[in-house]
Amino acid sequence: MRRIATAAYLFVGSCLLGLLGCQSLRSADAPLSRLDASTGTTVVIAREPMVFARLDAQFSRSARDYVYLGPAQTNRQGVREYFLWIGVASTLDRGYFAPENELPIEIEIMIQGEPMAFELDDWPPPYLSPESANLYSTPVELQGRLASRITYDQLRLINEARPDRIFVRGADARMRAFSVWTTSSDWADFLN
Amino acid sequence: MRWISDTLSGGTGPILEVRVAPFESCRLLGSGTGIASEAYRPVGGQLASLTEVEYESLGLGDDILFFRFERPVGYSISQSSDLRHVIVKIDEPGSLIRDSAPRTDATVPAATVAGPPNDNSRSAGGQVPQNVTLRVPQLTADFVINLQSTRESVEQATIESIAVPDGRTVYVSEITQGGQLWHRLRLGFFDSEAQANAALQPLRALFPRAWIGRAQASEIDTASRTDFATGGTVIERIMTAAIAATATPRGTESAGLTAEQITQLTNAAETAMLDRRYEDAAGLYAQLLAEPGPHQQRARENLGVARERLGQIDRATAEFRAYLTEYPNDAESARVMQRLESLTTARMPPQPTLRRAMTLEESAWDFVSGVSQYYRRDVDTFDADREDFVGLSALMTDVDFSSRRNGSRFDLLSRISASHFHDLIGEDNRGPGDQTRVTYAYFDMLDTERDWSLRLGRQSLHNWGVLGRFDGIHASYGIRTDQRVHFVSGYPVDTTRDGVETNRQFYGLAWDFDELIGEADVSVFLNDQRIEGIDARRAVGAEIHYANERGNVTAMVDYDVDYAEINSILTLGAWRLSDRTTLSGLVDVRKSPILTTRNALIGQPVTTIDELLIVWTEDEIRQLAVDRTAQSTTLTIGASQSIGERFQINVDLTSTDIDGTVASGGVNAIPGTGAQTYLTTTLVGTSLFGRNDVSMFNVRVGGGDDFETRYLTWDARFPIGRRLRLNPRLRIAVRDGLLDGTMRETVNLGLRVLYNTRRHFRFEFEVGADQARRSNATTETTTSGYYVNLGYRANY
Chain A
8 MRRIATAAYL FVGSCLLGLL GCQSLRSADA PLSRLDASTG TTVVIAREPM
58 VFARLDAQFS RSARDYVYLG PAQTNRQGVR EYFLWIGVAS TLDRGYFAPE
108 NELPIEIEIM IQGEPMAFEL DDWPPPYLSP ESANLYSTPV ELQGRLASRI
158 TYDQLRLINE ARPDRIFVRG ADARMRAFSV WTTSSDWADF LN
Chain B
16 MRWISDTLSG GTGPILEVRV APFESCRLLG SGTGIASEAY RPVGGQLASL
66 TEVEYESLGL GDDILFFRFE RPVGYSISQS SDLRHVIVKI DEPGSLIRDS
116 APRTDATVPA ATVAGPPNDN SRSAGGQVPQ NVTLRVPQLT ADFVINLQST
166 RESVEQATIE SIAVPDGRTV YVSEITQGGQ LWHRLRLGFF DSEAQANAAL
216 QPLRALFPRA WIGRAQASEI DTASRTDFAT GGTVIERIMT AAIAATATPR
266 GTESAGLTAE QITQLTNAAE TAMLDRRYED AAGLYAQLLA EPGPHQQRAR
316 ENLGVARERL GQIDRATAEF RAYLTEYPND AESARVMQRL ESLTTARMPP
366 QPTLRRAMTL EESAWDFVSG VSQYYRRDVD TFDADREDFV GLSALMTDVD
416 FSSRRNGSRF DLLSRISASH FHDLIGEDNR GPGDQTRVTY AYFDMLDTER
466 DWSLRLGRQS LHNWGVLGRF DGIHASYGIR TDQRVHFVSG YPVDTTRDGV
516 ETNRQFYGLA WDFDELIGEA DVSVFLNDQR IEGIDARRAV GAEIHYANER
566 GNVTAMVDYD VDYAEINSIL TLGAWRLSDR TTLSGLVDVR KSPILTTRNA
616 LIGQPVTTID ELLIVWTEDE IRQLAVDRTA QSTTLTIGAS QSIGERFQIN
666 VDLTSTDIDG TVASGGVNAI PGTGAQTYLT TTLVGTSLFG RNDVSMFNVR
716 VGGGDDFETR YLTWDARFPI GRRLRLNPRL RIAVRDGLLD GTMRETVNLG
766 LRVLYNTRRH FRFEFEVGAD QARRSNATTE TTTSGYYVNL GYRANY
């Protein structure tokens with residue numbers, strides 16, 4: 008029995024170390040530029056997205072909802088277009104222990120003291136193939152991918168603002184606040 | 016989308032035009048109502064001699080697909096069954112054109128090119144077919160300069176200071192964002208961000224916080240139809256609308272409609288509204304607004320209603336505001352104001368819940384109920400020649416029922432929660448026997464007008480000196496918005512198996528003060544309890560609660576004035592250092608059990624105070640109560656740290672100490688536990704193996720003067736589809752006796768399966784086994800056992 012207990016401690020300890028190592032699944036080698044081979048469109052992204060989180064404490068104190076924000080540029084034969092890409096994920100068992108959340112229809116970010124709203128559409132746009140859906144690799148599996156057509160100027164302002172909070176509006180018109188989880192500094196590389 | 020018609024123009028570079036239109040349900044959502052243009056060269060298109068596909072939408076409802084070929088082709092066209100694709104089949108090279116005539120009688124307009132050449136355009140490289148005009152993808156000309164955003168209206172002088180470039184429009188857009196109205200002075204529209212940036216440079220000094228954005232199609236459409244002068248002329252009028260209202264100021268030149276035509280249009284518009292053809296109605300009302308006359312007033316309001324029904328809230332808001340501007344003192348203005356307020360309120364974020372004002376509306380009765388039944392069987396097995404021992408075999412039924420009704424003044428609520436334990440072993444076989452328990456059975460009434468409430472029945476409180484469950488009354492009254500008094504009285508309940516026991520009674524008073532000390536809420540209370548006619552407890556105390564978005568702290572003290580003893584001092588709190596890190600702490604010093612005269616019965620061969628009074632005086636009984644009451648001290652500090660998005664580690668250090676009790680009244684002394692210290696580490700991981708799975712690893716080490724203990728647990732939940740969850744569990748525990756050399760090792764292994772039906776029901780099955788080994792210097796025994804738990808829960 009003592010051997011079983013010792014073995015169990017070693018097993019769990021190894022799992023702990025392994026799982027902590029698995030934390031950094033977000034690839035450090037995420038490409039900045041990729042080609043959508045089916046449509047011939049080039050997509051450029053930042054190295055890492057901004058991550059915002061929301062705790063629903065009545066259901067769990069260790070699982071959360073997440074929103075990933077990242078810039079994207081598409082290049083179709085020299086015509087460049089900018090997007091604010093949104094990835095929606097949750098580690099909460101929604102649909103079972105907690106009610107499901109609908110995908111957001113709008114995101115609001117405070118920039119220069121002014122709330123700036125960005126309406127969201129499905130990602131990818133029609134001129135990209137489904138292979139471009141997962142623009143950023145995230146530790147948590149995404150449940151939705153959305154984007155807002157945006158300008159370079161607005162992306163620059165978002166990066167300068169480094170918001171510590173964003174507001175997400177669902178189809179039910181309710182606004183939910185998400186607080187910053189990690190702030191990527193790599194938008195500067197994208198913008199430069 | 017539905018395919019409407021197609022036509023092929025011949026020539027050396029044939030163009031196939033396919034006209035499509037969104038379905039009505041999509042049109043109501045705005046599809047096909049904006050100006051858009053896209054083009055691209057499909058990969059592999061050369062196989063069909065296809066050089067380019069272009070899509071044009073002029074916001075008129077019908078959209079056009081242009082297919083450009085490098086040679087004459089034959090084709091056939093059809094629509095897919097999912098109504099999302101148009102299928103174009105091209106004949107083999109050399110085939111003649113099959114059909115060059117339009118398939119409908121509709122006139123096909125000449126193809127139009129959207130927008131001037133893009134700044135980013137460049138000629139395509141490589142060899143191109145001789146007779147084909149190459150086109151590059153173009154962006155929608157929706158780039159707009161937001162010159163300034165203010166909470167106040169834009170001043171005329173500000174607008175007049177703008178030198179408007181040729182072909183551009185200056186306008187003001189009002190938008191409610193973050194619950195506040197913003198006025199945005201804008202200059203548009205440009206084909207590209209570079210164009211917009213170039214136009215912005217001369218204006219930077221005047222508008223240093225300007226930014227370039229993209230406008231919605233509806234905003235472009237409305238701004239383009241306004242009366243603003245463009246091309247360098249100072250504008251004469253500001254359209255202050257979120258999406259500008261239909262800009263037809265009175266007095267402008269009319270289309271020359273006769274009175275009869277106006278009547279016909281009005282009737283047609285009203286018919287369209289009744290038929291719920293809101294898009295048609297909006298168009299007709301817009302025509303009526305272009306014609307000066309008294310009919311414009313009604314048309315303005317109805318246009319707003321049509322926009323609202325189409326879900327175009329911003330445009331509806333603009334129409335209602337325009338109405339109130341044009342007809343501020345009209346008898347109908349109140350109605351229009353109501354319409355506007357309902358739109359504005361609906362768009363605001365949820366407000367903090369306020370105490371509800373009296374309303375004339377009443378709700379129907381609302382019933383919520385739940386029932387669960389579980390069969391549980393616990394069996395111990397032994398390694399010697401002993402029969403298995405069934406420790407538990409029972410069917411447990413729980414029922415919970417509540418009803419609620421919100422009246423115009425009174426809110427009513429009732430709740431009953433009960434359970435029945437049906438022992439399948441039987442008392443004859445040393446089973447526990449059947450038991451029925453009533454956990455809650457109360458009736459609530461709340462007077463929303465006078466702010467008093469009453470709860471009557473079996474209930475539970477742990478505030479204001481009340482020690483838990485009781486049968487009685489709790490009444491409260493709001494003296495002011497920040498003060499509330501409470502009165503509680505009843506019979507304490509020892510166990511939910513018991514009925515109403517009247518040998519003990521208590522009453523208590525409490526006073527709540529909101530934000531009495533800064534932002535901290537304070538309550539003071541007194542609680543008096545009697546048992547069989549003598550004083551059991553007379554306590555005074557206070558509670559303080561403080562909370563903000565960073566954390567919370569609660570402190571409580573309970574002092575018995577008769578016994579001159581502090582019953583409990585409790586302080587606990589949690590503080591969030593950051594979104595990832597939380598600290599917590601607890602200091603709990605209390606009598607164990609809480610000091611009441613009833614403690615004198617502990618260890619005695621009698622069960623009532625009256626029986627004790629035969630032998631002891633009241634003062635001696637009170638001394639026995641003190642002697643039977645130990646003091647417990649618990650200190651805990653903890654920290655919680657999130658690691659990435661999927662992991663969280665919690666660490667807690669706890670120290671407990673329970674004093675011993677002295678010997679008295681024929682009851683032996685009970686030694687104290689001594690200080691015991693535990694360190695618990697928990698690692699929680701979510702979404703490790705798939706979506707939404709949870710794994711929790713828990714390690715606990717600790718001990719006291721005479722023992723050491725180690726616990727290891729693993730508890731996980733794995734989703735299998737939407738309705739099934741697997742919940743494996745493992746627990747390993749080891750306890751070493753330091754003084755007697757004993758050791759006990761236990762391993763528990765279990766699997767629980769949860770299944771949720773689409774509605775109402777959850778089924779649960781659990782099976783587990785355990786093995787325990789006890790050993791000392793001379794002997795070793797091993798026991799094992801298993802359990803089964805099977806049941807369901809239904810909620811309605």
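Residue numbers (this note's numbering), protein chains in the order written: chain A, 8 to 199; chain B, 16 to 811.
Ideal Cβ placement from N, Cα and C applies to all residues, glycine included.
Rounded Cβ spacing between residue i and residue j (contact assumed at less than 8 Å)
i: VAL749(B); j: LEU766(B); result: About 23 Å; that fails the 8 Å criterion.
i: ILE673(B); j: SER607(B); result: 6 Å
i: LEU355(B); j: PHE335(B); result: 4 Å
i: GLN450(B); j: ARG512(B); result: 6 Å
i: TYR75(A); j: TYR143(A); result: 6 Å
i: GLN279(B); j: ALA225(B); result: Not a contact, Cβ separation roughly 48 Å.
Nonlocal neighbours in the same chain, by C-beta distance under 6 Å from residue i, ignoring five residues either side
i: ASP625(B); result: GLU547
i: ALA211(B); result: PHE158, ILE160, PHE205 and ILE227
i: ALA124(A); result: GLU113 and GLU115
i: SER799(B); result: THR396 and GLN786
i: VAL539(B); result: TRP526 and ALA557
i: TYR802(B); result: ASP393 and GLY783
For residue i, the three-state DSSP class (helix, strand or coil)
i: THR511(B); result: coil
i: GLU316(B); result: helix
i: PHE704(B); result: coil
i: GLN30(A); result: For GLN30(A), the predicted model reports a pLDDT of 44, less than 50, meaning its position is unreliable; a value from the coordinates is still stated below. In this structure, GLN30(A) counts as helix in the three-state DSSP scheme.
i: VAL147(A); result: coil
i: ASP196(A); result: helix
i: GLN161(A); result: helix
i: VAL179(B); result: coil
i: GLN520(B); result: strand
i: PRO117(B); result: Since pLDDT at PRO117(B) reaches only 31, below the 50 mark, its modelled position is unreliable, and no value is offered.
i: VAL50(A); result: strand
i: PHE104(A); result: coil
i: ALA220(B); result: coil
i: LEU601(B); result: strand
i: VAL35(B); result: strand
i: TYR134(A); result: coil
i: PHE66(A); result: coil
i: ARG322(B); result: helix
i: TYR342(B); result: coil
i: TYR578(B); result: coil
i: GLN353(B); result: helix
i: TYR766(B); result: Contrary to the premise, residue 766(B) reads as Leu rather than Tyr in this sequence. Here LEU766(B) sits in strand by DSSP.
i: THR281(B); result: helix
Cross-strand partners of residue i (DSSP beta bridge)
i: HIS310(B); result: According to DSSP, which records beta bridges pairwise, HIS310(B) is partnered with nothing at all.
i: GLU121(A); result: ILE118(A)
i: GLN388(B); result: THR412(B) and TYR807(B)
i: LEU65(B); result: PHE84(B)
i: LEU541(B); result: LEU524(B) and VAL555(B)
i: ILE227(B); result: ILE160(B)
Cβ-based neighbour list, residue i, same chain, cut-off 8 Å, excluding 5 preceding and 5 following
i: GLU138(A); result: ASP43, ALA44 and SER45
Nonlocal neighbours in the same chain, by C-beta distance under 7 Å from residue i, ignoring five residues either side
i: PHE13(B); result: Not covered by the structure: residue 13(B). The range shown for chain B is 16 to 811.
Proximity test, residue i beta-carbon vs the ligand PLP heavy atom, cut-off 6 Å
i: GLY47(A); result: The ligand PLP is not part of the structure shown, which contains no ligands of any sort.
Three CB pairs or more closer than 8 Å across the stretch 565 to 580 of chain B and the stretch 628 to 636 of chain B: No contact exists between the stretch 565 to 580 of chain B and the stretch 628 to 636 of chain B.
The stretch 475 to 492 of chain B in contact with the stretch 500 to 507 of chain B per 3-pair CB rule at 8 Å: Touching, per the Cβ criterion.
The stretch 137 to 156 of chain A / the stretch 202 to 209 of chain B touching (three or more Cβ pairs under 8 Å): no
Cβ pair count under 8 Å reaching 3, the stretch 683 to 700 of chain B against the stretch 123 to 131 of chain A: no
Stretch-stretch touch, CB-based, cutoff 8 Å, three pairs: the stretch 425 to 445 of chain B with the stretch 395 to 404 of chain B: They do not touch, by the three-pair rule.
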